[in-house]
Amino acid sequence: DAKTTQPNSMESNEEEPVHLPCNHSTISGTDYIHWYRQLPSQGPEYVIHGLTSNVNNRMASLAIAEDRKSSTLILHRATLRDAAVYYCILREIRSARQLTFGSGTQLTVLP
Amino acid sequence: DAGITQSPRHKVTETGTPVTLRCHQTENHRYMYWYRQDPGHGLRLIHYSYGVKDTDKGEVSDGYSVSRSKTEDFLLTLESATSSQTSVYFCAISEGNVGGYTFGSGTRLTVV
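Written as structure tokens, this is what we have:
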């Protein structure tokens, strides 16, 4: 499985934008880029996914590099409730294979 | 989470006893997954299913079996529970190969 690399932790101030980076230099053409987050004592929550183009939804934006070897999850205005572990994961489209979770980025939001 | 329910939410069992965890979905999604989460290891896949009676192993399947006799139910069985299987277990569902997963709220299992 293609792997992803994320910083272990990041801090952000409340009400400011947050850019969470992810490197996936071995990504294949059929890998979708997924982001999930996990709040304390809860199951992971789907955030966003994309293939080549930038994507927006009500939770966040996903910016994908032109060569697809990296991506950035953007939270436009961090709140205290956004404090969580954020996982960047590649999902291969051609099979039923599972998402493989790495260690993720622990986001701390400071008031 | 809407559309997916895990039961029980908490369970304490003794070493050597069989345990079955249930995942129930109302979304009619094809794919279902069982993960375990432990400190220092993150989420690891145990087994997954890509249809009724179609299942396959994940990376940590030893000591676990699964069954899926109906689209809506995916059962995880610990044949003879061990202390190393103390963990939080998450079920997830997915409609297809592209979209996101929806996770359940988890089952906290303690084997004493």
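Chain order of the listed sequences is B and H.
When you line the first sequence up against my numbering, it's residues 114 to 224, in that order.
When you line the second sequence up against my numbering, it's residues 2 to 113, in that order.
Quick reminder that beta carbons are idealized off the backbone N, C-alpha and C, glycines included.
Model, not experiment: these values are computed from the prediction.
- Message: Against Thr103/H, what residues of chain B qualify as contacts under a CB-to-CB distance less than 8 Å, listed in chain order?
- Response: Think of a sphere of 8 Å around the beta carbon of Thr103/H: the chain B residues whose beta carbon falls inside it are Tyr159, in chain order.
- Item | Burial state of Leu223/B (16 or more Cβ within 10 Å) | exposed
- Query: Can you list, in chain order, the residues of its chain whose CB lies under 8 Å from that of His189/B, leaving out five sequence neighbours each side?
  - Reply: Pro130, Ala173 and Ser174
- Would you mind reading off the limits of the beta strand (DSSP E) that contains Ile206/B? Note, Ile206/B: premise wrong, no beta strand (DSSP E); not H, not E.
- Message: Would Arg4/H pass as an interface residue toward chain B - the criterion being a Cβ-Cβ separation below 8 Å?
- Response: Residue identity check: residue 4/H is Gly in the sequence provided, not Arg. It does not; no Cβ of chain B falls within 8 Å.
- Could you spell out where the beta strand (DSSP E) holding Gly43/H opens and where it closes? Its beta strand (DSSP E) spans residues Gly43 to Gly52.
- Cβ of Leu212/B within 8 Å of any chain H Cβ: yes
- Taking one C-beta from the region 36-50 of chain H and one from the region 10-20 of chain H each time, how about it: are there three or more such pairs within less than 8 Å? no
- What residues in its chain sit with their C-beta under 8 Å from that of Gly101/H, if we drop five residues either side in the sequence? Ser95
- Roughly how many whole angstroms lie between the Cα atoms of Asp2/H and Ser183/B? Annotation note: pLDDT 48 at Asp2/H (below 50); position unreliable, no value reported.
- Task: Indicate the three-state DSSP secondary structure (helix, strand or coil) for Thr118/B in the structure shown.
- Result: strand
- Task: Report the three-state DSSP secondary structure of Gln86/H (helix, strand or coil).
- Result: helix
- Where the beta strand (DSSP E) containing Gly163/B begins and where it ends: Here the beta strand (DSSP E) through Gly163/B covers Glu158 to Gly163.
- Message: In this structure, how does DSSP classify Leu193/B when only helix, strand and coil are distinguished?
- Response: In the three-state reduction of the DSSP assignment, Leu193/B falls in the helix class, which pools H, G and I.
- Message: So the candidates are Ser81/H, Gln7/H and Tyr34/H; which of them puts its Cα closest to the Cα of Gly1/H?
- Response: Residue 1/H cannot be examined here, being either before or after the span of chain H that is shown, 2 to 113.
- Pull out every residue of the region 79-97 of chain H whose Cβ sits closer than 7 Å to any Cβ of chain B, in chain order. Phe91
- Query: Based on the DSSP output, what are the partners of Ala93/H in its beta bridges?
  - Reply: Tyr34/H and Phe104/H
- Going by C-alpha distance, which of Ser50/H, Leu44/H, Asp63/H and Tyr32/H is nearest Gly1/H? The structure shown has nothing for residue 1/H, since chain H only spans 2 to 113.
- Message: Using C-beta distances below 6 Å, list every residue in its chain close to Gln151/B, excluding the 5 sequence neighbours before and after it, in chain order.
- Response: Pro157, Ala197 and Val198
- Can a CB atom of chain H be found closer than 8 Å to the CB of Ile206/B? Interface residue, yes.
- Item | Within chain H, partners of Gln219/B - CB distance below 7 Å | In chain order: nothing, as chain H lies at least about 12 Å away.
- Message: Against chain H, does Tyr145/B count as a neighbour if the rule is that its beta carbon must be under 8 Å from one of theirs?
- Response: Yes, Tyr145/B counts as interfacial toward chain H.
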